[in-house]
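Take a look at the structure set out below.
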Amino acid sequence: MNIIIKLAMAGVSRSLVYKLMIGIIFIGQATFFTSYLMGRDVASLGQELFTLAPGTPGIDQGISQPQFSLVIHGAFGEGQLVKPMAVTTANNRIYVSDTGNHRIQVFDMNGNFLFHFGQVGRQEGQFHFPYGIAGDSEGRIYVADLYQSKISVFNPEGEFLHYFGDAEAQKAIDGPGDIFITEDNKLYLTDINQSKILIFDIAEGNLLLEFGEFGRSAGQFYAPNGVAVDRQGNIWVVDTGNQRVQVFDQEGKFLRIINGTPDGTGDSVLANPRGVGIRGNNAVIVSNLTHTIFGFDQQGVEVFRFGGLGSMNTQFNFPNGLHVDENGHVYITDTINQRVVVYR
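Note that the working numbering has the sequence shown beginning at 4, numbered continuously upward.
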């Protein structure tokens, strides 16, 4: 039985347990603690670059493995990234949740530092634990603050506009994690504390749908993190504590489980997965705290795997947030290496 389950059974609040699951990578000896966290030997996994060969089921469906392109560390000194947790693209820029510095850093598409905004605090425009980040069709930037249970909205230049949502919507949020915004301006949010997915209408700021509850059965969650929506409207949720990805239709109806096994019921290849993105029509990319990035087809067949523990360009040390832009470029926050890595 792992330490997180012991805490939960001992009566520690689920909110605190989930914050431990998210914040544990800020502890210096992160590999040691994460191995206890998920009951897996994290240190021994994902240390070799591994790519599946042609002929593997699913590999010949037009799914290509993205190739390394760029590393973004931030400007030396004031602009340097510290424990980045999430990343998005908007306004022809790259926006990074620079969580260790309680701010958002902004770069051009070549990784050159432009500016940053935010600071530690609980006032408007300030952050305590900035996590999920996304941009809407008008260029506004949405930042989820996990510890303040709020989503702050900024203009493209980082000026605070308002907190997201009407009164009912704001009340519904308790522990916001990842954010995904669709072209029709719906905001999808993983609520880590409540083990739910919340869907909002951006224009009205109202809650449209919520689904999920704490548990280990299909359709239930244990600390959901990453979320993405594919071109068919299906919702992909990284169910971190259950070591899997779950797929739902646009009404929140459970469809299937993705964990690297044929029917989703075997031992998962994932250990503490965090981010998810959809590349094109069929490639599902998942970041995993075994320092590895997995690629699956829509049915959950593994088609590629890359990474490994280290600080070289093609290695990772706790990859967390993952974003795929409209061109299929993949942005990964390599949290302990304190950088963003771009694959194209």
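Note that beta-carbon positions come from the ideal geometry of N, C-alpha and C, so glycine has one too. Here the structure is a predicted model, which is why all the values come from computation and not from measurement.
For A137, report the span of its beta strand (DSSP E) as first-last.
Counting from 1 along the sequence shown, the entry for residue 137 is found at position 134. Unbroken beta strand (DSSP E) run through A137: P133 to G138.
Taking the beta carbon of S155 as the centre, do at least 16 other beta carbons fall within 10 Å, making it buried, or is it exposed?
Start at 1 with the first residue of the sequence shown, and residue 155 comes out as number 152. By the neighbour-count rule (16 or more Cβ atoms within 10 Å), S155 is buried.
Can you tell me the Cα-Cα spacing of H119 and A286, whole angstroms?
In the sequence shown, the residue the question calls residue 119 occupies position 116. In the sequence shown, the residue the question calls residue 286 occupies position 283. Taking the straight line from one Cα to the other gives about 32 Å.
Just reading off the beta strand (DSSP E) that Q349 is part of, what are its end residues?
The structure shown does not extend to residue 349, since the chain spans only 4 to 347, so no value can be given for it.
Alpha carbon to alpha carbon, how far is H165 from H332? Give it in angstroms, no decimals.
The residue given as residue 332 occupies position 329 in the sequence shown. The residue given as residue 165 occupies position 162 in the sequence shown. When rounded, the distance between both Cα atoms is 30 Å.
Environment of D101 [buried if 16+ CB atoms lie within 10 Å]:
Numbered from its first residue, the sequence shown carries residue 101 at position 98. When all chains shown are included, D101 counts as buried.
Just to confirm my understanding: we take G103, look at its own chain, exclude 5 residues before and 5 after, and list those with CB closer than 6 Å. What are they?
In the sequence shown, the residue the question calls residue 103 occupies position 100. Result list for G103: V85 and K86, in chain order.
Given this structure, state the Cα-to-Cα distance separating G310 from P159, to the nearest angstrom.
Your numbering for residue 310 matches position 307 in the sequence shown. Your numbering for residue 159 matches position 156 in the sequence shown. Answer to the nearest angstrom: the Cα atoms are 32 Å apart.
To the nearest angstrom, report how far apart D266 and E127 are at their CA atoms.
Residue mapping note: residue 266 aligns to position 263 of the sequence shown, counting from 1. Residue mapping note: residue 127 aligns to position 124 of the sequence shown, counting from 1. Their Cα atoms are separated by approximately 46 Å.
Identified DSSP bridge partners for G77
For this step, residue 77 is matched to residue 74 along the sequence shown. G77 pairs with Q83.
Nearest by alpha-carbon distance to Q341: which of S67, Q83, P69 and S72 is it?
The residue given as residue 341 occupies position 338 in the sequence shown. Here the closest residue by C-alpha is Q83.
Continuous beta strand (DSSP E) assignments of at least 3 residues falling wholly in the segment 222–280
227–232, 238–242, 247–251 and 257–261
I'd like the span of the alpha helix (DSSP H) that includes Q70, first residue to last.
Residue numbering aside, residue 70 sits at position 67 when the sequence shown is read from its first letter. Where Q70 is concerned, there is no enclosing alpha helix (DSSP H), given that its DSSP letter is neither H nor E.
What is the residue span of the beta strand (DSSP E) that A89 lies within?
If you number the sequence shown from 1, residue 89 lands on position 86. Segment A89 to A93, the beta strand (DSSP E) holding A89.
Where M112 falls, given that 16 or more other Cβ within 10 Å makes a residue buried:
Here the question's residue 112 lines up with position 109 in the sequence shown. Classification of M112: exposed, given that the 10 Å Cβ count is below 16.
Alpha-carbon to alpha-carbon, V306 and P69
Translated into the one-based positions of the sequence shown, residue 69 becomes position 66. Translated into the one-based positions of the sequence shown, residue 306 becomes position 303. The alpha-carbon atoms of P69 and V306 are separated by roughly 12 Å.
Could you check which residue in N330, V230 and M315 has the C-alpha nearest to that of H294?
Looking up residue 294 in the sequence shown gives position 291. Answer by Cα proximity: M315.
Would you check if there are 3 or more beta carbon pairs closer than 8 Å linking the segment 203–219 to the segment 266–277?
no
For the beta strand (DSSP E) that A286 lies in, which residues bound it at each end?
Indexing the sequence shown from 1 puts residue 286 at position 283. Taken as a continuous stretch (DSSP letters only), the beta strand (DSSP E) holding A286 covers A286 to N291.
Could you work out which residue in N228, V327 and I195 is closest to I97 when comparing CA atoms only?
What you label residue 97 is simply residue 94 of the sequence shown in a count that begins at 1. Closest by alpha carbon: V327.
Does the beta-carbon of A56 have 16 or more other beta-carbons within 10 angstroms, so that it is buried, or is it exposed?
As a working note, residue 56 is residue 53 in the sequence shown. Bear in mind that the predicted position of A56 carries a pLDDT of just 40, short of 50, making it too unreliable to give a figure here.
Within the segment 293–325, note down every full beta strand (DSSP E) run reaching 3 residues or more, in order along the chain.
295–299 and 305–310
Ignore the nearest five residues each way along the sequence and tell me which others in G142's own chain have a CB closer than 8 Å to its CB.
Start at 1 with the first residue of the sequence shown, and residue 142 comes out as number 139. Excluding positions up to five away in sequence, the list reads A93, N94, N158 and P159.
At the level of alpha carbons, what is the spacing between L117 and F321?
In the sequence shown, counting from the first residue as 1, residue 117 sits at position 114. In the sequence shown, counting from the first residue as 1, residue 321 sits at position 318. When rounded, the distance between both Cα atoms is 26 Å.
Close beta carbons around P227, own chain, < 6 Å, minus the five adjacent residues each side:
Within the sequence shown, numbered from 1, the residue matching residue 227 stands at position 224. So the qualifying residues of the chain are T193, V240 and D242.
Thinking G135 and G80 are a contact (beta carbons under 8 Å), I'd like their distance in whole angstroms, please.
Walking along the sequence shown from the start, residue 135 turns up at place 132. Walking along the sequence shown from the start, residue 80 turns up at place 77. About 27 Å separates the two Cβ atoms, so there is no contact after all.
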